[in-house]
Each structure stands twice: as C-alpha cells, then as structure tokens.
Amino acid sequence: MAESTVAGHVKASDYVDRINNNLGLSFQRMEKLDSARYCFEQVLNAAVRKGNKEYEANALLNIANILIRFKEYEQAEQNLRRALSIYAETGNKNGMRMANTNLGTVLVQTERFDEALQAFRDAEEIAVASGMPASLAVIYHNEGDIYFKKGQYAESLRLLDKSLAIKEQYKDSMGLARSYNAKAGVYNRLRQYDHSLTYASDAMGIARRADNVDLMIDIYGNTLSALVGQGKWNEAVETLDARDILRDSVFVKEKFAAIQELKVKYETEQKEQKLETAHKTIRQQKIMSILFLIACVSLIALFFIYYYFQRKKRQDHIRIVKQNEELSEYIGRTHKTREVLPEDSDTGKAENGNGVRHLAEILSGLEQLFDHEKIYRTQGLNINVVADKLATNRDYLSKVINSSLGKGFNEYVNFYRIEEAKEILKAQCNGQHTAYTMQQIAEKVGFAGTSPFYTAFKQIVGVTPGEYKKTLKHIKQ
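So the numbering used here is basically just the index in the sequence shown, starting at one, shifted up by 1400.
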C-alpha cells in the first residue's frame, strides 16, 4: 500500500505550487490519476527550479504512487529512491518511512521479495523509533503479504494479526477490511475455507458500506476460491456473476472518469496557458515601463547636459566677443593716436634721410587708404598695390606695418575687413541690412568667399560670424 504526502508550510510566493499540490491530492482521491500526475509534475519542476528539497521529495513520492497505480514500476522505483535520498539528506524521518514503505510495495510487484522485506523493515525501524504506531499497521500488512507470496503462511498470518490489532485500536475500518481479505486469501492457501469465507464476509460488509468497489472485487475473488474449494458450485457461479457485473460497472465508471479527467486536464492546461500568457504580458509591460522610464530619465539628463554646455558655450562666446570688442576699441584708438617714435625712424633711414617724416607719411597714408577709402574691400588686395599707392616699395611698407602696427600685411587687411563685417552684423541685430547674406557680407568687405571669411573671422574674433551674431542678441537681451 502506497502513502501520499502533503507539502508543509510555504511562503506567499509559493502559493501556485501549494495549489498544484493540493489539486494533485484531490485528483488522486477522485481517481483522476492523469490530472493528479500532471499537477505533481508541475510541483516537481518548480521545486527543482527553486531548489526546494522538501517539495521536490514530496512531489517525487506522490508521482511514484500514481506510477504504481499505472504499473510503471521501474520509473516509480527511480522516483522513490531519489526521494529517499533527499529525505535522508534533509533528515526527514517521516519522509524516509513513507518512501521505504512505497518502495517495498514496488519491489513486491516486481517479485524482489527480499529487497521488499528490507525496505519494509527499514520503514518499521523508523516508525518504532519515531513513535508512529499507526503506520506500523500498513508495514505489518505489507510484510504479511510478502510472506504470503513466498508461501510462508504462518508468518503471514502472524504479521496480519499484528496489523489487525493496531487497526482495531485506531478504528481503521478500511484497513481492517483489507487485512480480513488478506487473511481470507491465506486461509484459502491453507485450504481452511470456512475461515476464509468468514474473513471474506467481514471484509465485504465493510467494503460495501464504504462503496469501495476495487476492494469488493478482490474480496469476491477470495470468496469464489473458497466456494470452489468447498464444491459449492451454484454459490460460486452467483459470486462469479456478481463480480463480473461489478467489474463491468467499474469499467463504465472508469471510462466515464477517464473522459472527464481528460476534459478537466484540457481545461486546466488552457487556464494555465492563459495564466502564463497574462504573466508574460505583465512582464513585458513592466519591462516596457522600465525601459520607457529609463528613456525619459536619459532624455531629461541629456537635455540638462545639453542645456549646461550650451549655456557655458554661450557664456564663453559672450566673454570672447566682449574681449574682442574691447581689443578692437583699443586698437582703433592706438591707430589714430599713433606717434612716430625715434626708434621707428631707423626703418626709414634706409630710404631717405628724413626717416621720421617719411614714416609718418606712410602711416597717415595707410590710415587714409584703410579708414577713409576702405581699400581693403578690394578682393585680391596685395601689398604691392598698397605700396604703389603710397609711393614706396613693398619691403619698406611691410616693415612699417610690422614694426609700427604689430601685424603682417594680410593680418592688417583682414582686421579692417572683419571690423566692417562686425559692424554689418551689429546693424542686422538692430534690424538693418537684414537682406545681406554671409556670402554678400564676405564679398562686400573684400573676401572672395565665405570660407576665407569664416576662417579670418574665427581667427580674429574667436567665434564664427553666426555665433557672433547670436551672441550679440544674447548680450542685447
């Protein structure tokens, strides 16, 4: 006889496993074994995944009980030995007792009687040591059954009587019926048919009250053997007919139950699939929500970073433009108030004796050409053109610009061009010259195109023309 186990206390997160376990036990009691097996396998898979040894061993034990009913003894034995190993590892004595008891049942079915006896004796030892007398009734009954199969009928009766004594003490009516029926079988082998019929009758009375059809069929078998042994053929035929009718009714019930079980199993699987789909949808929604939140936070962070750097860049541009304005103002003043120093005359002495006077004339001429005539607007302007207009040579003019103004010729020309470009851009900020494009501004002040214009502007001012214009608006605000 096999024993089942109910899983103990579980955490809130294990409610699904607990429900599956209880469903399995319910299906098992209703003889819906396929459904029970499915539920226990769900518990087993979850237990292995979570590393829950208690649930794993209990599920293995429960599945083994169903495998025994299906006569799949090899797989049942594997499950029971695995469960026994886990129970031994965790020190679960009650689990070890149940696993040994059920293992003994499997070994009996495969006719390994000595191994079965050892398994039952191991279970008996644990039951005695742990103070579990009620479980001894099952163990003694199973041991008696082994001795019956081995033909040791006296020992079989002795153990069955020990089992009966415990069952009477605990008022285990169904246990009594099974033991009575077992004794009826032993007495048939001993050819003591009267005793056999007496015990079979007692067993049948209990089985009928409990409507235990399987047990009633077994009892009919022992009754039939006793009646045949006594030569009571009419009664034997009646008993045989009664057993066949009962078997037919069982077949119909089992067929109906199997259909109902398949229906329940199908509906259960459908519900589980829907539940899994719902869980999957919830998980996906959670992931999407988290990703959306991360994206929002990232965008906000990027916005603040961008804003910070733009603000810093704008502040840098304002500082650069203000410094350039101050520098332009200073250079403009120094150009207009520039006096010819005695040491500057050394430059002019190579040309004529009146160096200082000649230098002053050159500087005055430069001011006239650049400040008033705006010669710098001429595209392709070079030092030779300016030297000719000032009636001097290019070398002397270059030295004058370098020593007196601190610039090279091209730098000097670009300075004037950029200063005028800045004035146009300032005017645009005030609503004037708005039709001018950067190309037109570049050409107006003397550049051949926007590329050299942008390069010179960035080099002299520190920002591009567009950045300069934007910065002027910020300063104005």
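For glycine and all other residues, C-beta sits at the position ideal for the given N, C-alpha and C.
Under three-state DSSP, which class holds residue i?
i, result
"residue 1788", "helix"
"residue 1470", "coil"
"residue 1510", "coil"
"residue 1623", "helix"
"residue 1591", "coil"
"residue 1781", "coil"
"residue 1604", "helix"
"residue 1611", "coil"
"residue 1862", "coil"
"residue 1835", "coil"
"residue 1452", "coil"
"residue 1570", "coil"
"residue 1857", "helix"
"residue 1712", "helix"
"residue 1820", "helix"
"residue 1692", "helix"
"residue 1498", "helix"
"residue 1616", "helix"
"residue 1800", "helix"
"residue 1632", "coil"
"residue 1898", "In this structure the chain extends from 1401 to 1877, so residue 1898 is not present and cannot be described."
"residue 1756", "helix"
"residue 1552", "coil"
"residue 1847", "coil"
"residue 1737", "Only weak support exists for where residue 1737 lies, its pLDDT of 45 falling under 50; the value from the coordinates is given anyway. Coil at residue 1737, not helix or strand."
"residue 1585", "helix"
"residue 1462", "helix"
"residue 1793", "coil"
"residue 1773", "coil"
Contact defined as beta carbons within less than 8 Å: I believe residue i pairs with residue j. What is the distance between those atoms, to the nearest angstrom?
i, j, result
"residue 1646", "residue 1616", "6 Å"
"residue 1480", "residue 1499", "5 Å"
"residue 1588", "residue 1625", "5 Å"
"residue 1493", "residue 1530", "5 Å"
"residue 1824", "residue 1861", "Their Cβ separation, rounded to whole angstroms, is 13 Å, which puts residue 1824 and residue 1861 out of contact at 8 Å."
"residue 1776", "residue 1816", "4 Å"
"residue 1599", "residue 1584", "4 Å"
"residue 1881", "residue 1764", "Only positions 1401 to 1877 of the chain appear in this structure, which leaves residue 1881 out of reach."
"residue 1859", "residue 1850", "15 Å between Cβ atoms; not a contact."
"residue 1476", "residue 1464", "4 Å"
"residue 1546", "residue 1501", "So it is not a contact: roughly 13 Å between Cβ atoms."
"residue 1762", "residue 1805", "The Cβ separation is near 11 Å, so there is no contact."
With distances taken Cα to Cα, identify the nearest neighbour of residue i among the options.
i, options, result
"residue 1559", "1573, 1571, 1695, 1579", "1579"
"residue 1856", "1814, 1418, 1808", "1814"
"residue 1593", "1444, 1623, 1729, 1566", "1623"
"residue 1718", "1511, 1811, 1548, 1863", "1863"
"residue 1829", "1808, 1633, 1431, 1867", "1867"
"residue 1721", "1466, 1839, 1835, 1870", "1870"
"residue 1524", "1424, 1504, 1469", "1504"
"residue 1631", "1801, 1670, 1591, 1649", "1591"
"residue 1486", "1448, 1511, 1542", "1448"
"residue 1669", "1796, 1519, 1436", "1436"
"residue 1770", "1820, 1800, 1799, 1726", "1820"
"residue 1522", "1697, 1838, 1496", "1496"
"residue 1648", "1809, 1545, 1613, 1517", "1613"
"residue 1644", "1555, 1715, 1633, 1618", "1618"
"residue 1800", "1482, 1489, 1677, 1759", "1759"
"residue 1549", "1514, 1641, 1533", "1514"
"residue 1537", "1567, 1781, 1680", "1567"
Using the Cα positions of residue i and residue j, report the straight-line distance between them to the nearest angstrom.
i, j, result
"residue 1874", "residue 1712", "13 Å"
"residue 1562", "residue 1439", "37 Å"
"residue 1685", "residue 1415", "23 Å"
"residue 1723", "residue 1844", "25 Å"
"residue 1491", "residue 1694", "48 Å"
"residue 1441", "residue 1472", "16 Å"
"residue 1426", "residue 1691", "44 Å"
"residue 1847", "residue 1865", "14 Å"
"residue 1752", "residue 1767", "Note that residue 1752 scores a pLDDT of 48, beneath 50, so its modelled location is shaky and nothing firm can be said."
"residue 1470", "residue 1431", "12 Å"
"residue 1802", "residue 1832", "36 Å"
"residue 1574", "residue 1683", "50 Å"
"residue 1462", "residue 1519", "18 Å"
"residue 1428", "residue 1597", "32 Å"
"residue 1793", "residue 1787", "5 Å"
"residue 1516", "residue 1544", "12 Å"
"residue 1637", "residue 1607", "21 Å"
"residue 1417", "residue 1453", "13 Å"
"residue 1510", "residue 1474", "9 Å"
"residue 1424", "residue 1701", "54 Å"
Using a Cβ-Cβ distance under 8 Å, would residue i count as near chain B?
i, result
"residue 1621", "Of the protein chains in the structure, only one exists, and it is not chain B."
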